[in-house]
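Let me begin by presenting the structure, written as structure tokens, before commenting on it.
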Amino acid sequence: MPQTMLAFLAMMVVGTHALNTQRYEMLVQQRDVRREIEEMAGSVALETMEIIRVRAWDQSVVDGTAVGDASDLNLMEMLDGQDQFTVGHDCTIFGGTDTCDDIDDFHKMDTALRPFVMGLDTLWFNVDVTVRYVDFNLNPSSVVTPNKEVTVSVEDFWQNGDSYLQSPVQMSRVFSYEY
Amino acid sequence: MILILDNIAAFIIGSTIFLVLMAMQMRTTEMNIDQTSTYMMKNQAASFSTWIEEDLLNLGEHMDKSVTTPFANPVYDQHGNTTSFTFYQDTLNTTVVPADTVRIATRYNLAFVGYSTSTGDSTAVYKLERSVRYQTGPWQDEGESVPLISVFRIDMLDMNAQPIADPVAAMTADPTSVRNTRIRFAMVPPIETSRATLNKIFYGSTLLIPN
Chain P
40 MPQTMLAFLA
50 MMVVGTHALN
60 TQRYEMLVQQ
70 RDVRREIEEM
80 AGSVALETME
90 IIRVRAWDQS
100 VVDGTAVGDA
110 SDLNLMEMLD
120 GQDQFTVGHD
130 CTIFGGTDTC
140 DDIDDFHKMD
150 TALRPFVMGL
160 DTLWFNVDVT
170 VRYVDFNLNP
180 SSVVTPNKEV
190 TVSVEDFWQN
200 GDSYLQSPVQ
210 MSRVFSYEY
Chain Y
248 MILILDNIAA
258 FIIGSTIFLV
268 LMAMQMRTTE
278 MNIDQTSTYM
288 MKNQAASFST
298 WIEEDLLNLG
308 EHMDKSVTTP
318 FANPVYDQHG
328 NTTSFTFYQD
338 TLNTTVVPAD
348 TVRIATRYNL
358 AFVGYSTSTG
368 DSTAVYKLER
378 SVRYQTGPWQ
388 DEGESVPLIS
398 VFRIDMLDMN
408 AQPIADPVAA
418 MTADPTSVRN
428 TRIRFAMVPP
438 IETSRATLNK
448 IFYGSTLLIP
458 N
């Protein structure tokens, strides 16, 4: 009887140890995959940031009403309320119908689906953008300043709704108006 | 009879425990090799991406892009890899009047080095050879990557991040048409294993071409 109990105990100890090892291995694999997806999401964020960076700083620049001095700040778009710019654009560059030709047109645009091509395979990422005015200390500003902070948030997209990332990868840049 | 049954049971249990411990030990060893290999691969990819980004950010430096296109069209193979890419920059010596310039051409060549096998898959691997030419002098070899690259692609992008089929012609017609350089590559692990969490890692970056 004692031998049977000891054998049973030994099996339990080994079984628990094996289970913990497997669990650890699974966590390590998930971590590695997650880091790879974070890397790709960062790449997609950078590409999106470059798309926005080459746009005009404000609609007044596109329209030609800005003349290149400090008085231009009076012409810059600024809405009352939580959002300082018009939201919900469906930009043509991301397959929509709206011409997004200046930086703030991307503020809270419709979520865009961007690919990361990996040889023969492609991973897809959801991209969201927010834009706001910031002061010279890069703090949010409730008035027009010559600095717009663009934040791109990227999250992996899977057909079944899963996500490997615990939170979206975010990249922020500040673009300034020269006058 | 009881003694025989006890011995048989002890033998079975002992063997099972021994086999489980052996299997776990082997798997742990495999996992450690896999982790080391992944770390080495990521380390190599990080240093490769750093130097190639620093290199490509010099594209067109001190050059008047309305006069000269600062690159030659990338050449692709049938798999979509960029096999050759050349770009230019000028040095600027302002201590003399008029300022003196020396044109530096940098060329990347993707050279096939063999096959890498990981988790049963065989993948063609390459190394990137970098050479430099000053003015009209001879090409000089100046560095190369580790021979672990399985995918390598450079694209010249327009303002919508779309690749341009003939960027030299586009830039000749409109110097502002090419806005970014995009580089993407994949690397395979340096240690060939039968089980690997990641049998390739991918990297991508989009770089602004300075005006």
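Just so you know, the sequences run in chain order P and Y.
Position one of the first sequence corresponds to residue 40 (my numbering), numbered consecutively onward.
Position one of the second sequence corresponds to residue 248 (my numbering), numbered consecutively onward.
Where a beta carbon is used, it is the ideal one built from N, C-alpha and C, also for glycine.
It should be emphasised that the depicted structure is a prediction, and the values quoted were computed from it without experimental measurement.
Per DSSP, residue 203 of chain P lies in no alpha helix (DSSP H) segment and is marked neither H nor E. Chain Y places no beta carbon closer than 8 angstroms to that of residue 108 of chain P, leaving this residue out of the contacts.
For the stretch 444 to 455 of chain Y, the set of residues with a beta-carbon nearer than 7 angstroms to any beta-carbon of chain P comprises 444, 445, 448, 449, 450, 451, 452, 453, 455, in chain order. Per DSSP, the continuous alpha helix (DSSP H) segment holding residue 92 of chain P begins and ends at 41 to 92. Secondary structure at residue 261 of chain Y: helix, using DSSP grouped into helix, strand and coil. Here residue 94 of chain P is actually not in contact with residue 167 of chain P; their C-beta atoms are around 17 angstroms apart, not less than 8 angstroms. Scanning its chain for C-beta atoms nearer than 6 angstroms, with the 5 sequence neighbours on each side dropped, one finds around residue 130 of chain P the residues 137, 139, 148, in chain order.
Contact with chain Y is absent for residue 189 of chain P, since none of that chain's Cβ atoms lies less than 8 angstroms from the residue's Cβ.
For residue 452 of chain Y, the enclosing beta strand (DSSP E) stretches over residues 448 to 455. If you check each beta-carbon in the stretch 148 to 180 of chain P against every beta-carbon of chain Y, the ones closer than 8 angstroms belong to 155, 156, 157, 158. Against residue 249 of chain Y, chain P offers no close residue; the least beta-carbon distance is about 11 angstroms (beta-carbon pairs closer than 8 angstroms). For residue 398 of chain Y, the chain P residues whose C-beta falls within less than 9 angstroms of its own C-beta are 157, 158, listed in chain order.
Assignment of beta-bridge partners to residue 195 of chain P by DSSP yields P:164. By the beta-carbon neighbour count (other beta carbons within 10 angstroms, threshold 16), residue 448 of chain Y is buried. At a cut-off of 8 angstroms between beta carbons, residue 91 of chain P makes no contact with chain Y. The closest CA to that of residue 204 of chain P, considering only P:108, P:163, P:111, P:117, is found on P:163.
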